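So the protein lines, in turn, are chains S and E. If you're matching positions, the first sequence starts at 1327 in the numbering used here and goes up one per residue. If you're matching positions, the second sequence starts at 12 in the numbering used here and goes up one per residue. Quick reminder that beta carbons are idealized off the backbone N, C-alpha and C, glycines included. Computed from a predicted structure; not experimentally measured. Here is the structure we will look at.
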Amino acid sequence: AQTVTQSQPEMSVQEAETVTLSCTYDTSESDYYLFWYKQPPSRQMILVIRQEAYKQQNATENRFSVNFQKAAKSFSLKISDSQLGDAAMYFCAYRRDDSNYQLIWGAGTKLIIKP
Amino acid sequence: SQTIHQWPATLVQPVGSPLSLECTVEGTSNPNLYWYRQAAGRGLQLLFYSVGIGQISSEVPQNLSASRPQDRQFILSSKKLLLSDSGFYLCAWRELGTKETQYFGPGTRLLVL
């Protein structure tokens, strides 16, 4: 069965600096999708970035980028120029290419931004 | 553009009372719809998903049920709430037939006393 592991329960970073959140997953599939979601104190789940496993190029969305290492089954999120509004829980999630529904979620990492 | 609504935003209910949470989506047709529960400080647990009107699949046996009476409406219900039903309930949608991302509603905080 697929699993997603986020080994950092909490991370902190100084405002304007860069932080990397780690995520590893276990799967025997070759085609799948990986996601990072952000959950601020309002608790609404917001998509940050998405990566298709068949794409070698790492996804980027403004200050957010991923380091996708397919062989190592690693999917880390880098946040550059951290801002106070980035403070939130960050969840990594996995979905099989042929699945209608099944998102497998990590336990989350709480990101604290220090002013 | 598509939007997803959930209500109520917050609900406090006594043990043994019924429950009805509603989720509606605007700006899309035939979406896949999902109900998730999130316990405090934890990840998401998929409860139900639906690929069409009247089509519900359950992921976790429990005293909750779901219904989809209309294309863009998804309802989570219970006849008798348990203390363990407390949590944060999130509804999500995905465009049917695509491989696009799931997008989430604002959620409902449920406290069962």
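In this structure, residue 79/E lies away from residue 95/E, with their beta-carbon atoms at least 8 angstroms apart. Within the model, the alpha-carbon separation for residue 1352/S versus residue 51/E is close to 25 angstroms. Taking 8 angstroms as the cut-off, the beta carbon of residue 1336/S is found no closer than this to the beta carbon of residue 1408/S.
Closest option to residue 53/E, judged by alpha-carbon separation, among 1436/S, 1373/S, 1354/S: 1436/S. For residue 1419/S, the enclosing beta strand (DSSP E) starts and ends at 1414 to 1422. With respect to chain E, the C-beta atom of residue 1377/S has no partner C-beta closer than 8 angstroms. For the set 1339/S, 1363/S, 1338/S, 1357/S, the Cα lying nearest the Cα of residue 1349/S is the one of 1363/S. Judged by their CB atoms, residue 58/E and residue 46/E are nearer to each other than the 8 angstroms cut-off. Along the segment 61 to 74 of chain E, the positions whose C-beta sits under 7 angstroms from a C-beta of chain S are 62, read in chain order.
Runs of the beta strand (DSSP E) lying entirely within the segment 47 to 85 of chain E and spanning at least 3 residues, in chain order: 55 to 63, 66 to 69, 75 to 81. Residue contact check for residue 1371/S against chain E: a CB pair falls below 8 angstroms. A Cβ-Cβ separation of about 5 angstroms places residue 1440/S in contact with residue 1340/S under the 8 angstroms criterion. Scanning its chain for C-beta atoms nearer than 8 angstroms, with the 5 sequence neighbours on each side dropped, one finds around residue 1391/S the residues 1375, 1384, 1385, 1403, 1404, 1406, in chain order. The Cβ neighbour count for residue 1357/S, taken over all protein chains shown within 10 Å, is under 16; the residue is labelled exposed. With a 10 Å radius around the Cβ and a threshold of 16 neighbouring Cβ atoms, residue 89/E comes out buried. A straight-line Cα-Cα distance of about 31 angstroms links residue 1368/S and residue 1399/S.
Out of 23/E, 29/E, 115/E, 114/E, the CA that lies nearest to the CA of residue 87/E is found in 29/E. Apart from sequence neighbours up to five positions away, the residues of its chain that approach residue 114/E with a beta-carbon distance below 8 angstroms are 13, 15, 103, 104, 105, ordered along the chain. Judged by DSSP in its simplified three-state form, residue 95/E adopts helix. Note on geometry: alpha-carbon atoms of residue 116/E and residue 1395/S lie some 31 angstroms from one another.
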